[in-house]
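Worksheet for the structure shown next.
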Amino acid sequence: MASRLLEFVHEKQLVEKITSEFQKLFLHRRPVRAGTALYLGAATGYSTVLMQSTNAPQPGRTVLAGLPLAVSHGAVPLATAAVGLTGTGGATSPFLPWLVLAGAGCVVAMFRPVPGGPVRAGGVFNAALFSLLAGALYLYAPGLAMAADPAMPLLHATAPLVMLLLCLLWIATFGLPDRADFQRFGALLGALCIADLAVEAAVLRALPAARLLGDADVLAGLLLVSLCAGLRPGPGEGGMNEPDQGCRLWRGLVMVGLLACLSRPGLFAGAWVILCFGRGPLPGRALYCAACLILLAATFLLPAAASDSVRFVDYWLWLEALALWGREPLALVTGFALSTPLAVEFPVTMVQMWESATGSSVLFGVSIAQVPSFWLRTFLAWGMVLPLALLTGLLWLLLRRPTRMGAGLTAALIAQGMATPLVYDPATAAPVYLAFLLALGRPVTLPGPNNLPGPKPEPAPDPVTEWDLRPL
4 MASRLLEFVH
14 EKQLVEKITS
24 EFQKLFLHRR
34 PVRAGTALYL
44 GAATGYSTVL
54 MQSTNAPQPG
64 RTVLAGLPLA
74 VSHGAVPLAT
84 AAVGLTGTGG
94 ATSPFLPWLV
104 LAGAGCVVAM
114 FRPVPGGPVR
124 AGGVFNAALF
134 SLLAGALYLY
144 APGLAMAADP
154 AMPLLHATAP
164 LVMLLLCLLW
174 IATFGLPDRA
184 DFQRFGALLG
194 ALCIADLAVE
204 AAVLRALPAA
214 RLLGDADVLA
224 GLLLVSLCAG
234 LRPGPGEGGM
244 NEPDQGCRLW
254 RGLVMVGLLA
264 CLSRPGLFAG
274 AWVILCFGRG
284 PLPGRALYCA
294 ACLILLAATF
304 LLPAAASDSV
314 RFVDYWLWLE
324 ALALWGREPL
334 ALVTGFALST
344 PLAVEFPVTM
354 VQMWESATGS
364 SVLFGVSIAQ
374 VPSFWLRTFL
384 AWGMVLPLAL
394 LTGLLWLLLR
404 RPTRMGAGLT
414 AALIAQGMAT
424 PLVYDPATAA
434 PVYLAFLLAL
444 GRPVTLPGPN
454 NLPGPKPEPA
464 PDPVTEWDLR
474 PL
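Numbered as in this note's numbering, the sequence shown ends at 475 without a single skipped number.
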């Protein structure tokens, strides 16, 4: 009872902080300064709930287990918004935050290699050597980058494997984030997306076509992962009960934030997940699904933006890929060369769109790393056999332990992968991998529903009553 009361107090403090910043925005009528204050207020609330947990400590899990989610759902969008509001900063690699996170994880692992284990006595010496190595790499980074330039296409193509390895090492060092972590940081990102929409709508006096926080499709992908983590858990294995973590406030912020993103693939996937696997009675789920579809249709009325250029380029690349496979059927098995531009010709109408979407001249051609769609990029790089084999293996693992979270993640993976880089983007790859590993893993709570520290799982509705599947 005391833990639930404490949780409510923290939630109330977060809401009060965000509400006060909204009041400043509309009372003072200073959009840029008020927008900056709003993001700072959200960041303050985020730091308040960063390390709070709704559940008792689990074996093999530390308080830093959810730090990758804090980076993807909080630090990266806030940094993107700060750069957009201030107009400062240059082009940086999207892998930079994760390189810093990997370095911090290495330092911690030198002192405590096993979550909850004893501290090593020689950790200081190892950390000092690691710091010297990191400093040397930083000093010689330009030369190393030039030396690795011929291998850059292969590095881009194997980026999903690198991020998967990082997630596995993070779990081995700090433990796996739980459902509450995904929902908590998803609620933070949902509140930021709502604030972003409100600020830009107040400035432009219309629905914005772009997001200060970053690409709307990428933000929607992050919220979809948190949405799936908030789905009702099912019965566990071997007497283990899967905890029903999180709270309604978090799940509500995630759902409203997904609507505020105005992302077409995100709205479609959100409607699919809620209608088929969501909580509550069917009429309520159908209402949210209808809201997603209405907003999906309304996005076609928004003014054109840079993201529309990316979308048109994506459509054109799908058509060109079909033509390439028609001319080279063997590439369906082997894929195309990673270091050679694709044999495509730019029509006159696509030249300006391509340069606007990619920032690259058409004289350099189309490389596989520039393809925005995850599925198309994977098929072009590796052929169709290997990706379909991996997808089949994933479905087999999910069917061995079917959960609503796993089914929802698969639906989101299929929908988002048609229009976004997905795991080729490190900010999306880390939450997706961690969520799938959580969905595929076994429950770690104590046996028996009375021993669960969080709220009790909701009873699953009767499908015969819910869908009116009476005998004819």
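Cβ coordinates follow ideal geometry from the N, Cα and C atoms, glycine included.
- CA-CA distance, residue 161 to residue 228, rounds to 22 angstroms.
- With 16 or more other Cβ atoms from the protein chains shown falling within 10 Å of its own Cβ, residue 411 counts as buried.
- Exclusion of the five residues before and after residue 301 leaves no residue of its chain whose Cβ lies closer than 7 angstroms to its Cβ.
- With a contact defined as Cβ atoms closer than 8 angstroms, residue 263 and residue 419 miss out at about 17 angstroms.
- Within the same chain, Cβ atoms closer than 6 angstroms to the Cβ of residue 360 are found at 312, 313 and 316, the five residues on either side in sequence being excluded.
- By the C-beta criterion, the region 379-392 is judged to be in contact with the region 333-345, since at least 3 inter-stretch pairs fall below 8 angstroms.
- In terms of Cα proximity to residue 224, the closest of 255, 409 and 269 is 269.
- Collapsing the DSSP output to three states places residue 369 in a strand.
- For residue 158, the uninterrupted alpha helix (DSSP H) segment begins and ends at 155-160.
- Note on geometry: alpha-carbon atoms of residue 380 and residue 374 lie some 6 angstroms from one another.
- In the structure shown, residue 345 adopts extended strand secondary structure according to DSSP, grouped into three states.
- Residue 442 carries a helical assignment under DSSP once its states are collapsed to helix, strand and coil.
- Short of 6 angstroms from the beta carbon of residue 369, and not among the five residues preceding or following it, lie these beta carbons of its own chain, in chain order: 344, 345 and 347.
- A residue is called buried when at least 16 other Cβ atoms come within 10 angstroms of its Cβ; residue 297 does not meet this threshold and is exposed.
- Residue state for residue 339 is assigned as coil, using DSSP reduced to three classes.
- Residue 399 counts as exposed, since fewer than 16 other C-beta atoms from the protein chains shown sit within 10 angstroms of its C-beta.
- 115 is the residue among 305, 372 and 115 whose C-alpha sits nearest the C-alpha of residue 129.
- Proximity of the region 250-262 to the region 190-199 meets the contact definition, three or more beta-carbon pairs being nearer than 8 angstroms.
- Burial state of residue 423 is buried, judged by a 10 Å Cβ sphere holding 16 or more other Cβ atoms.
- The straight-line gap separating the alpha-carbon atoms of residue 279 and residue 147 is approximately 49 angstroms.
- Residue 331 counts as exposed, since fewer than 16 other beta carbons sit within 10 angstroms of its beta carbon.
- In the three-state reduction of the DSSP assignment, residue 185 falls in the helix class.
- Here residue 166 has 426, 429, 432, 433 and 436 as same chain residues with Cβ atoms under 7 angstroms from its own Cβ, once five neighbours each way along the sequence are excluded.
- Put simply, of 365, 355, 184 and 275 the residue whose alpha carbon is nearest the alpha carbon of residue 75 is 184.
- The alpha-carbon of residue 107 is positioned some 30 angstroms away from that of residue 408.
- One Cα belongs to residue 178, the other to residue 100, and the distance between them is close to 20 angstroms.
- Taking C-alpha positions only, residue 413 is separated from residue 132 by approximately 42 angstroms.
- Along the length of the region 273-303, whole alpha helix (DSSP H) runs at least 4 residues long occupy 285-301, reported in chain order.
- Ranking 202, 79, 401 and 234 by CA distance to the CA of residue 218 puts 79 first.
- Taking each of 393, 164, 249 and 389 in turn and checking the Cα distance to residue 334, the smallest one comes out for 389.
- Boundaries for residue 406: no alpha helix (DSSP H) harbours it, and the DSSP string shows neither H nor E there.
- Assignment of residue 331 by DSSP, reduced to helix, strand and coil, places it in the coil class.
- Note on geometry: alpha-carbon atoms of residue 173 and residue 72 lie some 12 angstroms from one another.
- Rounded to the nearest whole angstrom, the C-alpha separation of residue 186 and residue 439 is 15 angstroms.
- Of the other Cβ atoms in all chains shown, fewer than 16 fall within 10 Å of the Cβ of residue 355; this residue is therefore exposed.
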